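In order, the protein sequences belong to chains G and W.
Heads up: take any position in the first sequence, counting from 1, add 43, and you land on the working numbering.
Heads up: take any position in the second sequence, counting from 1, add 12, and you land on the working numbering.
Note that CB positions come from ideal geometry on N, CA and C, so glycine has one too.
Fair warning: this is a prediction, and the values are worked out from it, not measured in the lab.
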Amino acid sequence: MSLLDVSGLTIRYGDDEVVSGLSFSVGTNESVGLVGESGSGKTQTALAILGLVPRQATVSGSIKLGGTEVVGAGDLVLNRLRAERVGIVFQDPMQALNPYVPIGMQIRRVLIEHGIAKGYEADQRVMHMLDRVGLPDPERQFRAHAHQLSGGMRQRAMIASALIAQPELLIADEPTTALDVTVQAQILDLLERIRDDTALLLITHDLAIVAGHCERMLVLDGGKLVEEGQTRKVFSVPGTAHTKTLLEAAPSFDTTTSPSPVGGELLLDVDSASVSYRERGADGDLKAVQEIGLELREGETVAVVGESGSGKSTLVRAVLGLIPMRAGQVTFCGKDISGPVQARATETRRDLQLVFQDPAGSLNPQMRVEPIVAEPLTVHETNLDAAARKVRVMEALARVGLDEQFLTRFPHELSGGQAQRVAIARALIVNPKVLVCDEAVAALDASVRSQILALLRREQEDTGLSIIFISHDLAVVRSISHRVLVLYLGRLVELADSEVMFARPLHPYTRALLDAVPVPDPLAPGGRLSIKGEMPSILAPPSGCAFHPRCRHADARCKTERPEQRRIAGTEVACHHVEELQ
Amino acid sequence: MSILSRTIAHMRTSRTVMISGGILGVIALIAIVGPWVSPHSYLDTDFDRLLQAPTLRAMNLFGTDDLGRDLFVRTLLGVQVTLVVAIVASVVSLVIGVLYGATAGFVGGRVDAVMMRLVDTLYATPFIFFVILLLVVFERNFLLIFVAIGAINWLDMARIVRGQTLSLREREFVESAKLIGVSTPRIILRHIAPNIIGVVIVYVTLTIPQAILIESFLSFLGLGIQEPQTSLGKLVSVGVLKMDGSAWMLLIPATLLATILLCFNFLGDGLRDLFDSRQSR
Numbered sequence: 044m045s046l047l048d049v050s051g052l053t054i055r056y057g058d059d060e061v062v063s064g065l066s067f068s069v070g071t072n073e074s075v076g077l078v079g080e081s082g083s084g085k086t087q088t089a090l091a092i093l094g095l096v097p098r099q100a101t102v103s104g105s106i107k108l109g110g111t112e113v114v115g116a117g118d119l120v121l122n123r124l125r126a127e128r129v130g131i132v133f134q135d136p137m138q139a140l141n142p143y144v145p146i147g148m149q150i151r152r153v154l155i156e157h158g159i160a161k162g163y164e165a166d167q168r169v170m171h172m173l174d175r176v177g178l179p180d181p182e183r184q185f186r187a188h189a190h191q192l193s194g195g196m197r198q199r200a201m202i203a204s205a206l207i208a209q210p211e212l213l214i215a216d217e218p219t220t221a222l223d224v225t226v227q228a229q230i231l232d233l234l235e236r237i238r239d240d241t242a243l244l245l246i247t248h249d250l251a252i253v254a255g256h257c258e259r260m261l262v263l264d265g266g267k268l269v270e271e272g273q274t275r276k277v278f279s280v281p282g283t284a285h286t287k288t289l290l291e292a293a294p295s296f297d298t299t300t301s302p303s304p305v306g307g308e309l310l311l312d313v314d315s316a317s318v319s320y321r322e323r324g325a326d327g328d329l330k331a332v333q334e335i336g337l338e339l340r341e342g343e344t345v346a347v348v349g350e351s352g353s354g355k356s357t358l359v360r361a362v363l364g365l366i367p368m369r370a371g372q373v374t375f376c377g378k379d380i381s382g383p384v385q386a387r388a389t390e391t392r393r394d395l396q397l398v399f400q401d402p403a404g405s406l407n408p409q410m411r412v413e414p415i416v417a418e419p420l421t422v423h424e425t426n427l428d429a430a431a432r433k434v435r436v437m438e439a440l441a442r443v444g445l446d447e448q449f450l451t452r453f454p455h456e457l458s459g460g461q462a463q464r465v466a467i468a469r470a471l472i473v474n475p476k477v478l479v480c481d482e483a484v485a486a487l488d489a490s491v492r493s494q495i496l497a498l499l500r501r502e503q504e505d506t507g508l509s510i511i512f513i514s515h516d517l518a519v520v521r522s523i524s525h526r527v528l529v530l531y532l533g534r535l536v537e538l539a540d541s542e543v544m545f546a547r548p549l550h551p552y553t554r555a556l557l558d559a560v561p562v563p564d565p566l567a568p569g570g571r572l573s574i575k576g577e578m579p580s581i582l583a584p585p586s587g588c589a590f591h592p593r594c595r596h597a598d599a600r601c602k603t604e605r606p607e608q609r610r611i612a613g614t615e616v617a618c619h620h621v622e623e624l625q
Numbered sequence: 013m014s015i016l017s018r019t020i021a022h023m024r025t026s027r028t029v030m031i032s033g034g035i036l037g038v039i040a041l042i043a044i045v046g047p048w049v050s051p052h053s054y055l056d057t058d059f060d061r062l063l064q065a066p067t068l069r070a071m072n073l074f075g076t077d078d079l080g081r082d083l084f085v086r087t088l089l090g091v092q093v094t095l096v097v098a099i100v101a102s103v104v105s106l107v108i109g110v111l112y113g114a115t116a117g118f119v120g121g122r123v124d125a126v127m128m129r130l131v132d133t134l135y136a137t138p139f140i141f142f143v144i145l146l147l148v149v150f151e152r153n154f155l156l157i158f159v160a161i162g163a164i165n166w167l168d169m170a171r172i173v174r175g176q177t178l179s180l181r182e183r184e185f186v187e188s189a190k191l192i193g194v195s196t197p198r199i200i201l202r203h204i205a206p207n208i209i210g211v212v213i214v215y216v217t218l219t220i221p222q223a224i225l226i227e228s229f230l231s232f233l234g235l236g237i238q239e240p241q242t243s244l245g246k247l248v249s250v251g252v253l254k255m256d257g258s259a260w261m262l263l264i265p266a267t268l269l270a271t272i273l274l275c276f277n278f279l280g281d282g283l284r285d286l287f288d289s290r291q292s293r
């Protein structure tokens, strides 16, 4: 008999059926991936297994966990099930942890409530668990609050709390989506290592993760199970068209080729830009970006890459004039435009446009699509009358693949992909020379992401648009960019043509980033760990080379002396050990 | 959410607005037309008919008071005064408060600090003291009551709007508007103001009853509406004194006052749902 038996599970919200007739099982000690795009019912399924579906939903069918029926079970039965037999790790640990209660006390509570251990013994078990999930100095972490931990550490604490009562099944709902790629690799590795004989149900939209960590996989589409099988088999011979599309949309890192370098005219030249914030209570300024140079040519895409906190968004915001620079110069088409955006000439403002990560947040919720897209025209082309403006809006929408039925919609009536298209249309309507995309595809499903990337590439071919592309996703970066800039703690560590960088990364940090990318291939899943720990706080940057605490090549010199930026075979790199590593 | 429940939700919000708005409209209409139709005027006294209970004889529909004045006309006059005071005071506080708060919040920095300290200073001024000063310096005047109430209420509004603006300012659509080159007044009008209207509407529905109450409080102290003019608050306070034996003098204006307050609250609730486009999902 299998551990978890789901049969004919149907979840409805009013007339909406979010999960329909779902049947699957998870065996003891098995790891199963539950894959689907947003809205496919993955999370609802997970909640139903825990009996956590909201009251207004109706659940029918049967979920048997080790012989106990969950559907329709009372609170007493469910409370015994949770933690003792099934644990869950959510996507956002900040929201899953109580901000007012120390981490250790939260985990300890599980033991007390379930009568597993108490007093000193409970403390010891929590401490031991914290140690196992890789939280350094468990005694201190026991008393730490959620906000004092980094994202990765919080997720480790969540895992500790899910596993403390030694459940038979661990459900992980997008456990690494909110984390950086290197931390993602660490967390997935930890899940794999720590679960002993706990079965794992891993819910994700990322096929690459499933490829590396699950024996079996289930593919959901619109609440229905469309495919089920051994991971290797599904990847090599996808049984349905939907799985095939998912696999094609997944950024297959190793087969992607980068566009060749272009030799257009120099458009934007950023010279040793520095940004610092004054931080209350800190000694001196918080140096978010230090002496970074960047060149952008016509028709070129430059990617800015780094983990969160590396300063990539700060850098482009300073270039765009949204935040002040402490030092450095920005030259656009031969003119110095270093000041704030309000001080720039109208034409310059028109030529530099930005697309944000969160498509819904960058559109005014109280405006319809037509005035949103038309807004740049009201500033830059004031001579247009209403009819001419509408024609231009329609043209811009057509460029991004939307038709006139969208004109009267409100942002909340658009899907994520459609909203991002509207945001791109608004940026492109005045035909800018430079488009800055700040994680513009990070929040989108894989299939939508590849459509948006194709759209950007086509615009570039048609109009010679230059793009600055900020991303933490190296597979995406590889497919779209001509040159790549890698940042670490506000400093440049490597800059090269993307063909060169992906073929022969020089800096140990770049290598670690590349190694950590999971690959949607069960035979060579990638996602390897080659660095330890997480990015230190920018408030207390390490001495010498900022990367040395995580670098396995670090020696005494790296601790004291900051490496200068050097040019080696077409690559700008800042590392003392480049020669030996080459 | 399904189509059915969406329709129900929509109908309910519109129905609240329709019914409460309708009742307010009818009350206002009667208050305007009534005194013209009635054979009595608000200041004529009739010493033969003191403290008459409501009757159809001689058209004393709401009875008469202890001076023999017709209460039907006086009550309607009170409704007129109350509504005008409440609405004008709220509109004054709305306009000043929203513009002031949005500007302080959006511009930020030193401008914000100076503007909000001014608000704090005004807050610290005792309200009654302020009103007495006004009434001493100027002649007793209907308009002064609006000024006094408006001057107090816009402070709350400015604080609320500033707080909302501070959080909106960081939103990406505002940053994106700045980048496009949209001017600051236009950003405030087109991007900030529409997004705080939901909160503001709710707050106005709180201000209107508050303004009505302040007005009756001032009238009670003898600082507000002066005899022979009247307001609902004043009628209620007189009615309380005559509660034994002449209950109509209290019950009729009190019922009207309660109805008006309730209708404004429901109206605000419904309007908020209609204004907030995200809620109609």
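By a C-beta neighbour count over all protein chains shown, 10 Å radius and 16 as the cutoff for buried, is residue 134 of chain G buried or exposed? As a working mapping, residue 134 of chain G is identified with position 91 in the first sequence. Per the 10 Å Cβ criterion, buried.
In its own chain, which residues sit with a C-beta less than 7 Å from the C-beta of residue 432 of chain G, not counting the 5 before and 5 after it? As a first step, residue 432 of chain G is located in the first sequence; it is residue number 389 there, counting from the start. Cβ within range, chain order: 417 and 420.
Starting from the C-beta of residue 605 of chain G, find all residues in its chain whose C-beta is less than 7 Å away, skip the five residues before and the five after it, and write them out in chain order. Start at 1 with the first residue of the first sequence, and residue 605 of chain G comes out as number 562. Answer for residue 605 of chain G: 587 and 588, listed in chain order.
Which same chain residues, not among the five before or five after residue 203 of chain G, have their C-beta less than 7 Å away from its C-beta? Locating residue 203 of chain G in the first sequence gives position 160, counting from the first residue. 150, 172, 173 and 176.
With 8 Å as the threshold, decide whether the Cβ of residue 404 of chain G is near any Cβ in chain W. Reading the first sequence from its first residue, position 361 is the one you call residue 404 of chain G. Taking Cβ atoms only, chain W reaches closer than 8 Å to residue 404 of chain G, which makes this a yes.
Status (buried if at least 16 other CB within 10 Å, exposed otherwise) for residue 541 of chain G: Position 498 of the first sequence holds residue 541 of chain G. Buried: at least 16 other Cβ atoms inside 10 Å.
Can you name, in chain order, every residue of its own chain whose Cβ lies under 7 Å from the Cβ of residue 290 of chain W, other than the five neighbours on each side? Reading the second sequence from its first residue, position 278 is the one you call residue 290 of chain W. Low per-residue confidence applies at residue 290 of chain W: pLDDT is 48, beneath 50, and the placement is therefore not dependable enough to give any value.
Any beta carbon of chain W sitting closer than 8 Å to that of residue 408 of chain G? Taking the first sequence and counting its residues from 1, the one referred to as residue 408 of chain G is at position 365. Yes, contact with chain W.
Residues in the segment 171-185 of chain W having any Cβ partner in chain G nearer than 9 Å: Residues passing the 9 Å Cβ filter: 183, 184 and 185.
Does the segment 93-103 of chain G come into contact with the segment 270-279 of chain G, if we say contact requires no fewer than three beta-carbon pairs (one atom in each stretch) closer than 8 Å? no
Kindly indicate which residue of G:538, G:166, G:474 and G:303 has the alpha-carbon position closest to the one of residue 390 of chain G. Counting from one through the first sequence, the residue named residue 390 of chain G turns up at place 347. For residue 390 of chain G, the nearest C-alpha among the options comes from G:474.
Is residue 150 of chain W helix, strand or coil by DSSP? By one-based count along the second sequence, residue 150 of chain W stands at place 138. Residue 150 of chain W: coil per DSSP, three-state reduction.
Taking one C-beta from the segment 224-231 of chain G and one from the segment 193-201 of chain G each time, how about it: are there three or more such pairs within less than 8 Å? yes
Which ranges does the beta strand (DSSP E) cover as unbroken runs of at least 3 residues, wholly within the segment 299-370 of chain G, from first to last along the chain? 309-321, 328-340 and 344-348
Measuring CA to CA, which of G:444, G:89 and G:334 is closest to residue 502 of chain G? As a first step, residue 502 of chain G must be located in the first sequence, where it is residue number 459. G:444 is the residue among G:444, G:89 and G:334 whose C-alpha sits nearest the C-alpha of residue 502 of chain G.
Rounded separation between residue 182 of chain W and residue 148 of chain G - CA only: Against the second sequence, residue 182 of chain W aligns to sequence position 170. Against the first sequence, residue 148 of chain G aligns to sequence position 105. Rounded to whole angstroms, residue 182 of chain W and residue 148 of chain G show a C-alpha spacing of 35 Å.
Extract the residue ranges of the beta strand (DSSP E) inside the segment 244-276 of chain G, only unbroken runs of 3 or more that lie entirely within it. 259-264 and 267-273
Please report the distance separating the alpha-carbon of residue 205 of chain G from that of residue 170 of chain G. By one-based count along the first sequence, residue 205 of chain G stands at place 162. By one-based count along the first sequence, residue 170 of chain G stands at place 127. If I take the Cα positions, the gap works out to 14 Å.
CB-CB under 6 Å to residue 468 of chain G, same chain, minus the five flanking residues each way: which ones, in chain order? Working through the first sequence from its first residue, we reach residue 468 of chain G at position 425. Here the set comprises 416, 439, 440 and 443.
Suppose you measure from the CA of residue 395 of chain G to the CA of residue 113 of chain W; what does that come to, to the nearest Å? Locating residue 395 of chain G in the first sequence gives position 352, where the first residue counts as 1. Locating residue 113 of chain W in the second sequence gives position 101, where the first residue counts as 1. Distance between the alpha carbons of residue 395 of chain G and residue 113 of chain W is about 31 Å.
Continuous alpha helix (DSSP H) stretch holding residue 459 of chain G: start and end: Here residue 459 of chain G refers to the residue found at position 416 of the first sequence. Residue 459 of chain G -> alpha helix (DSSP H) spans 459-471.
By the DSSP assignment, the alpha helix (DSSP H) with residue 490 of chain G in it spans what residues? On the first sequence, position 447 is the one that residue 490 of chain G refers to. That run of the alpha helix (DSSP H) goes 489-506.
Along chain G, which residues have their Cβ under 8 Å away from the Cβ of residue 206 of chain W? Here residue 206 of chain W refers to the residue found at position 194 when the second sequence is read from its first residue. Those within 8 Å of residue 206 of chain W in chain G are 407, 409 and 410.
Is residue 291 of chain W helix, strand or coil when you go by DSSP? On the second sequence, residue 291 of chain W is found 279 positions in, with the first residue counted as 1. With a pLDDT of 45 at residue 291 of chain W, under the threshold of 50, the predicted position of this residue should be treated as unreliable, though the coordinate-derived value follows. DSSP places residue 291 of chain W in helix when its eight states are reduced to three.
Taking only beta-carbon positions, decide if residue 192 of chain W is within less than 8 Å of chain B. Absent from the structure is chain B; the protein chains it does hold are G and W.
Of all the CB atoms in chain W, is at least one closer than 8 Å to the CB of residue 457 of chain G? Along the first sequence, read from residue 1 onward, the residue named residue 457 of chain G stands at position 414. Interface criterion not met: the Cβ of residue 457 of chain G is under 8 Å from no Cβ in chain W.
Residue 161 of chain G - DSSP class collapsed to helix/strand/coil: As a working note, residue 161 of chain G is residue 118 in the first sequence. Residue 161 of chain G: coil per DSSP, three-state reduction.
Rounded to whole angstroms, how far is the Cβ of residue 608 of chain G from the Cβ of residue 535 of chain G, which I believe are closer than 8 Å? Translated into the one-based positions of the first sequence, residue 608 of chain G becomes position 565. Translated into the one-based positions of the first sequence, residue 535 of chain G becomes position 492. Sure, about 6 Å apart at Cβ, within 8 Å.
Where residue 602 of chain G falls, given that 16 or more other Cβ within 10 Å makes a residue buried: As a position in the first sequence, residue 602 of chain G is number 559, starting the count at 1. With fewer than 16 other Cβ atoms within 10 Å, it is exposed.
Compare the C-beta of residue 389 of chain G with all C-beta atoms of chain W and state if any pair is closer than 8 Å. Here residue 389 of chain G refers to the residue found at position 346 of the first sequence. Output row for residue 389 of chain G: interface = yes.
Hey, would you say residue 188 of chain W sits closer than 8 Å to residue 405 of chain G, going by beta carbons? For this step, residue 188 of chain W is matched to residue 176 along the second sequence. For this step, residue 405 of chain G is matched to residue 362 along the first sequence. Taking 8 Å as the Cβ cut-off, residue 188 of chain W and residue 405 of chain G qualify as a contacting pair.
Burial state of residue 227 of chain W, where buried means 16 or more other Cβ atoms lie within 10 Å: The residue labelled residue 227 of chain W in the question sits at position 215 within the second sequence. When all chains shown are included, residue 227 of chain W counts as buried.
Continuous beta strand (DSSP E) stretch holding residue 114 of chain W: start and end: On the second sequence, position 102 is the one that residue 114 of chain W refers to. Run containing residue 114 of chain W: none in the beta strand (DSSP E); it sits in the alpha helix (DSSP H), 83-119.
I want to see whether chain G comes within less than 8 Å of residue 293 of chain W, judged by CB atoms only; does it? Reading the second sequence from its first residue, position 281 is the one you call residue 293 of chain W. Unreliable placement is indicated for residue 293 of chain W, whose pLDDT of 36 sits below 50; the coordinate value is still reported in the next sentence. Closer than 8 Å to some Cβ of chain G, the Cβ of residue 293 of chain W qualifies, so yes.
According to the Cβ coordinates, are residue 105 of chain W and residue 82 of chain W closer than 8 Å? Locating residue 105 of chain W in the second sequence gives position 93, counting from the first residue. Locating residue 82 of chain W in the second sequence gives position 70, counting from the first residue. Cβ atoms of residue 105 of chain W and residue 82 of chain W: not closer than 8 Å.
For residue 618 of chain G, which three-state DSSP category applies? Translated into positions along the first sequence, residue 618 of chain G becomes position 575. Coil at residue 618 of chain G, not helix or strand.
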